[in-house]
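Notes follow once the structure below has been shown.
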Amino acid sequence: MAAAVQDPNRAAVAFGRQAVPQLFEQLQQRDAPCSLRVLTSLCDLVHEPERLYQIVTGGNRAEPDTQSTNRAAEGSSTADPSRESFIAQLQDLLKDEDPSVRTKTCELLHLLTSHSIGRLALLSSSLLPPLSDLLDDSSSSCRRNVHLVLNGLAQMPAGAQALLMLVPKLMLKLRQMEEEQEEEEALLLSTLSSCSRLDPLPALASDGVPVLGHTLSHCSPNICREATEVLMAL
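Under UniProt numbering, the first residue of the sequence shown is numbered 1, with each subsequent residue one higher.
This is the structure we're talking about:
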């Protein structure tokens, strides 16, 4: 029987419950090629509910216990040591010198925010400030993934509330957007719309009306539509 061929773009994944803990151990090597392979494998595993929970909790458990589920439902900010360890690793990767590592880390975060437990974990972490710093990243792919993460969080009230502190920065980014950054601009406007429906004051205090009025002259109908949604929220 021929041996299975290992994908060079992915880290080897152990069987069963050892898969996620093993990948986290490899992340500690702080080697860009290794980190990319591990992050790619984690992005694959996040689609499996049991592995998703392991990823969010630092790889220690395959299934949520009753107390953890209740804390998540109540929005408790009680820190889980294993979760903090995982979040700390991601924070370091967001500051990695390699843009590919930063991009892949944001992709993993985007996949995590597709699930309620992932959104809760991110909101209870200290990742939002370093994540928002990547809005100015040199990599367009990284910036796009950051906007996807923020937009995913903004779709839930707790996420929009947490992002209100970033509205001034988002308004500044909107002023600086170039025509060719259409996808980023649409995502940014969608995030602003969700935040402004919750509380319009941060956007209004950042000259939101004149900035958005200027955006209405954009050549893209999609951008104009998103800008109109924000103005309606204001």
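C-beta atoms are modelled at their ideal positions from N, C-alpha and C, and glycine is treated no differently.
Local conformation of residue i per DSSP, three classes
{"i": "Ser206", "result": "coil"}
{"i": "Thr69", "result": "Because the pLDDT at Thr69 is just 39, under 50, the model does not fix this residue reliably, and the point stays unresolved."}
{"i": "Thr78", "result": "Bear in mind that the predicted position of Thr78 carries a pLDDT of just 45, short of 50, making it too unreliable to give a figure here."}
{"i": "Asp96", "result": "coil"}
{"i": "Ser141", "result": "helix"}
{"i": "Thr57", "result": "coil"}
{"i": "Pro21", "result": "helix"}
{"i": "Arg102", "result": "helix"}
{"i": "Gln28", "result": "coil"}
{"i": "residue 236", "result": "Within the shown structure, residues of the chain are numbered from 1 to 234, placing residue 236 beyond reach of any answer."}
{"i": "Ser35", "result": "helix"}
{"i": "His218", "result": "coil"}
{"i": "Pro130", "result": "helix"}
{"i": "Gln155", "result": "coil"}
{"i": "Glu63", "result": "Note on Glu63: pLDDT 46, under 50, position unreliable in the model; the coordinate value appears next. The answer is coil: DSSP assigns Glu63 none of H, G, I, E or B."}
Candidates the options, of which the one nearest residue i by Cα
{"i": "Pro168", "options": "Leu111, Pro221, Leu189 and Cys224", "result": "Leu189"}
{"i": "Pro200", "options": "Asp98, Leu231 and Ser138", "result": "Leu231"}
{"i": "Glu226", "options": "Glu185, Arg197 and Pro202", "result": "Glu185"}
{"i": "Ala12", "options": "Thr40, Arg30 and Ala32", "result": "Thr40"}
{"i": "Leu111", "options": "Ile55, Pro157 and Pro8", "result": "Ile55"}
{"i": "Leu52", "options": "Val20, Arg30 and Cys106", "result": "Val20"}
{"i": "residue 312", "options": "Met156, Lys173, Leu127 and Gln22", "result": "Nothing can be reported for residue 312: it is not among the residues displayed for the chain, which extend from 1 to 234."}
{"i": "Asp92", "options": "Thr57, Cys224, Arg17 and Leu134", "result": "Leu134"}
{"i": "Pro8", "options": "Arg17, Gly16, Gln22 and Pro33", "result": "Pro33"}
{"i": "Ser139", "options": "Met165, Asp98 and Gln155", "result": "Asp98"}
{"i": "Asn222", "options": "Gln181, Arg197 and Arg17", "result": "Gln181"}
{"i": "Ser141", "options": "Ser100, Leu166 and Met165", "result": "Ser100"}
{"i": "Arg30", "options": "Asp96, Gly16 and Asp44", "result": "Asp96"}
Inter-residue CB distance, residue i and residue j (contact presumed, cutoff 8 Å)
{"i": "Arg119", "j": "Leu153", "result": "6 Å"}
{"i": "Ser206", "j": "Met177", "result": "The Cβ separation is near 15 Å, so there is no contact."}
{"i": "Cys195", "j": "Leu216", "result": "With a Cβ gap of about 19 Å, Cys195 and Leu216 do not count as contacting."}
{"i": "Leu42", "j": "Leu23", "result": "6 Å"}
Close-in-space but distant-in-sequence residues of the same chain around residue i (CB under 7 Å, 5 per side omitted)
{"i": "Ala72", "result": "Residue placement at Ala72 cannot be trusted, given a pLDDT of 40 that sits under 50; what the coordinates show is reported in the next sentence. Result list for Ala72: Ile117 and Leu120, in chain order."}
{"i": "Glu183", "result": "Arg144"}
{"i": "residue 235", "result": "What the structure shows of the chain is the stretch from 1 to 234, and residue 235 is not part of that stretch, so it cannot be assessed."}
Cut-off 6 Å between Cβ atoms - residues of its own chain near residue i, not counting five sequence neighbours on either side
{"i": "Asn151", "result": "Leu187, Ser190 and Thr191"}
{"i": "Gln89", "result": "Leu27"}
9 Å Cβ cutoff, residue i in contact with chain C
{"i": "Leu216", "result": "Here there is only one protein chain, and chain C is not present."}
Other residues of its chain near residue i: CB distance less than 8 Å, five sequence neighbours each side excluded
{"i": "Leu131", "result": "Leu94, Cys106, Leu109, Val146, Val149 and Leu150"}
{"i": "Leu204", "result": "Leu234"}
Check: residue i C-beta below 8 Å from any heavy atom of the ligand COA
{"i": "Ala19", "result": "The ligand COA is absent from the structure shown, which contains no ligands of any kind."}
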